[in-house]
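Below is one structure, written out as structure tokens; the observations come after it.
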Amino acid sequence: MGACSSILKQIIVVAANEVAQQQEESKPTSQQPSKPSSQHHEEFQPSSQKVSSGDAVYSNLPANAEKVAVRNVYDGDTLTLQNEDRVRFVGIDTPEIKENEPFAVEAKEYTKSRCNKGDLYLVQSGGRDKFDRILAYAYVQQDDGSFLCLNEGLVASGLAVAYSPSVSERPDNWDKLLSLQSRAREKGLGRWSQFKDRDVVKTANGSAYHSRSCEHLSSVRNLTEMKESEAIEKGLHPCRSCLTLG
Numbered sequence: 000m001g002a003c004s005s006i007l008k009q010i011i012v013v014a015a016n017e018v019a020q021q022q023e024e025s026k027p028t029s030q031q032p033s034k035p036s037s038q039h040h041e042e043f044q045p046s047s048q049k050v051s052s053g054d055a056v057y058s059n060l061p062a063n064a065e066k067v068a069v070r071n072v073y074d075g076d077t078l079t080l081q082n083e084d085r086v087r088f089v090g091i092d093t094p095e096i097k098e099n100e101p102f103a104v105e106a107k108e109y110t111k112s113r114c115n116k117g118d119l120y121l122v123q124s125g126g127r128d129k130f131d132r133i134l135a136y137a138y139v140q141q142d143d144g145s146f147l148c149l150n151e152g153l154v155a156s157g158l159a160v161a162y163s164p165s166v167s168e169r170p171d172n173w174d175k176l177l178s179l180q181s182r183a184r185e186k187g188l189g190r191w192s193q194f195k196d197r198d199v200v201k202t203a204n205g206s207a208y209h210s211r212s213c214e215h216l217s218s219v220r221n222l223t224e225m226k227e228s229e230a231i232e233k234g235l236h237p238c239r240s241c242l243t244l245g
């Protein structure tokens, strides 16, 4: 009888331990709440950091967009229409073909390949530049029916910089252009892959930054020194006489 009682007690203890273990396993551990959060970031982080032309895509065209036909693409931000009008993409600047600047060919191909797929839609900004070119936003329709803004797409791809001749002439989408530019620079896309942060200077009210030896600054005082990256973040562009980007 004593032996049977001892065996029965052992069985009860084992059973109790198994029940306790099952209950413990069913409880959330201190690490479990972090798992959904970690999986969430792993799922969405790549797309949130991705910089591409998709950042410049819209489901609809602006109401005042005008359909035009392209005759020739001169470089990334300049083209000629079938009616002989010349168009300059407002708010941006791409590398110069004639100066053989880095990524000039890539910028031209970006625009040319998309213009050759179909119609181009222009939204004029209301003026012309000193070369009598129409200043405009340019859109092309993509295969899925959405519309890519070439001005913004070039900046998002690192093939153009945000550009305005003066602060008063900055386009309506200036803040977005700066945001796209910042992200492209952080990713080292396009011409930003060769960027080197130099010491530059700016005047009090100018929209460009310069090298210290720039001929335009020979009689200018009260220059502000900064890193080129800081100048870019402020929306300044490199002086066409003394600097090319990075």
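Residue numbers (numbering that gives the first Met the number 0): 0 to 245.
Quick reminder that beta carbons are idealized off the backbone N, C-alpha and C, glycines included.
Can you look up arginine 85 in the DSSP assignment and give me helix, strand or coil? DSSP, reduced to helix, strand and coil, places arginine 85 within a strand of the structure shown.
Runs of alpha helix (DSSP H) lying entirely within the segment 103 to 146, each at least 4 residues, in chain order: Inside the segment 103 to 146, DSSP marks whole alpha helix (DSSP H) runs of 4 or more residues at positions 103 to 114, from first to last along the chain.
C-alpha distance - proline 101 paired with proline 61, whole-angstrom precision: Cα to Cα, the separation comes out at about 33 Å.
Going by the beta-carbon positions, is the gap between tyrosine 208 and alanine 183 smaller than 7 Å? Their beta carbons are not under 7 Å apart, which means tyrosine 208 does not touch alanine 183 by this criterion.
Could you pull out every residue in the same chain whose Cβ sits closer than 7 Å to the Cβ of serine 228, ignoring the five residues on either side in sequence? Excluding positions up to five away in sequence, the list reads Asp196.
Is glycine 90 closer than 7 Å to leucine 176 when the C-beta atoms are compared? Contact flag set, yes.
Check each candidate in Ser58, Asn59, His236 and Ser145 and name the one with the smallest Cα separation from alanine 161. Nearest C-alpha to alanine 161: His236.
Can you look up asparagine 63 in the DSSP assignment and give me helix, strand or coil? Here asparagine 63 sits in coil by DSSP.
Below 8 Å CB to CB, which residues in the same chain sit around alanine 135 once its five sequence neighbours on both sides are set aside? Answer for alanine 135: Val86, Arg87, Phe88, Val89, Leu121, Val122, Gln123 and Ser124, listed in chain order.
From serine 58 to serine 210, what does the alpha carbon distance come to, in whole angstroms? Cα to Cα, the separation comes out at about 42 Å.
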